[in-house]
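Asks: Below you'll find the structure I mean.
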Amino acid sequence: MPGTYDFRCCDYLGIYGYCFWGDRSMNEAYRLSTSLKRDINEWTAKFPKGRESSAVIMVLRLLQKVEGVLEAKHLDAVAVYLKMPKIQVESVFRFYSMFYQKSVGKHVFKVCNSVSCYLKGSGQLLGHLQNKLSVDLDAVTPDGLFTVQETECLGACCQAPCMVANDSDYHFDMTPDKINDLIDALRKQEV
40 MPGTYDFRCC DYLGIYGYCF WGDRSMNEAY RLSTSLKRDI NEWTAKFPKG RESSAVIMVL
100 RLLQKVEGVL EAKHLDAVAV YLKMPKIQVE SVFRFYSMFY QKSVGKHVFK VCNSVSCYLK
160 GSGQLLGHLQ NKLSVDLDAV TPDGLFTVQE TECLGACCQA PCMVANDSDY HFDMTPDKIN
220 DLIDALRKQE V
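When you line the sequence shown up against my numbering, it's residues 40 to 230, in that order.
Dropping the structure here:
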């Protein structure tokens, strides 16, 4: 079609020539909404001219907030909008654990599995969370509220074991009782 951009990954593979997503058809193209473009423009304006692609992390966060999960078509749209190679967007997406390729619960608990946290009982806390919520790692509870994951060091070794909820609420010196209180508080918010 004239005037239609082909969003297939293979039209630019970047310096490494590798595509995570494989070939895609044009009917999977994703269009950024006007309000999302406005929010993206607010972030890109904070960077020097020609360096707008430096906002890629925040742009992915904004898009994930709207869509819930990020698929290949979303990454393609970000690459086109920020005028950067798709492989760079995909690399950022794959590097950071805060971006999701599959559905997660409304509240995501990430328990630190570093040596310090593990020695202070993070393995038991992880098991307690899974038992309390009746959910496997990386799965969503039947009510859609919770997902439990392991993560690498959260940088709070002196307050181990620690975990983060929703990529922003850090909880330190965690115990099963503190986890129970946190889950109860989040469930009350949903009522």
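A virtual CB, placed ideally from N, CA and C, is assigned to each residue, including glycine.
Pull up the distance between the alpha-carbon of residue 72 and that of residue 120, whole angstroms please.
Replies: 12 Å
Asks: Quick one: what does DSSP say residue 208 is sitting in, helix, strand or coil?
Replies: strand
Asks: So what does DSSP say about residue 86, is it helix, strand or coil?
Replies: coil
Asks: Please check the pair residue 169 and residue 139, which I expect to be a contact at CB under 8 Å, by giving their CB distance rounded to whole angstroms.
Replies: Not quite, the Cβ-Cβ distance comes to about 19 Å (not below 8 Å), so this is no contact.
Asks: Taking 8 Å as the threshold, find out whether the region 109-126 comes into contact with the region 151-170 through three or more Cβ pairs.
Replies: Taking a cut-off of 8 Å for Cβ pairs, the region 109-126 and the region 151-170 do not touch, as fewer than three such pairs fall below it.
Asks: Quick check: the Cα distance between residue 199 and residue 161, rounded to an integer number of angstroms?
Replies: 8 Å
Asks: For the 8 Å Cβ check, are there 3 or more pairs between the region 147-158 and the region 182-202?
Replies: yes
Asks: With DSSP collapsed to three states, give me the class of residue 184.
Replies: coil
Asks: Under the criterion of a Cβ to heavy atom distance below 6 Å, does residue 196 qualify as lining the ligand FAD?
Replies: The ligand FAD is absent from the structure shown, which contains no ligand whatsoever.
Asks: Mark residue 86 as exposed unless 16 or more other C-beta atoms lie within 10 angstroms of its C-beta, in which case mark it buried.
Replies: exposed
Asks: Please confirm whether residue 185 and residue 146 have their CB atoms less than 7 Å apart.
Replies: Pairing residue 185 with residue 146 gives a Cβ-Cβ distance under 7 Å.
Asks: Assuming the contact rule is C-beta atoms closer than 8 Å, residue 112 and residue 69 should be a hit. Round their C-beta distance to whole Å, please.
Replies: 4 Å
Asks: So, with DSSP's three-state summary, where would you put residue 213?
Replies: coil
Asks: Sort out for me which residues DSSP pairs residue 176 with in a bridge.
Replies: 187
Asks: So for residue 147, helix, strand or coil by DSSP?
Replies: strand
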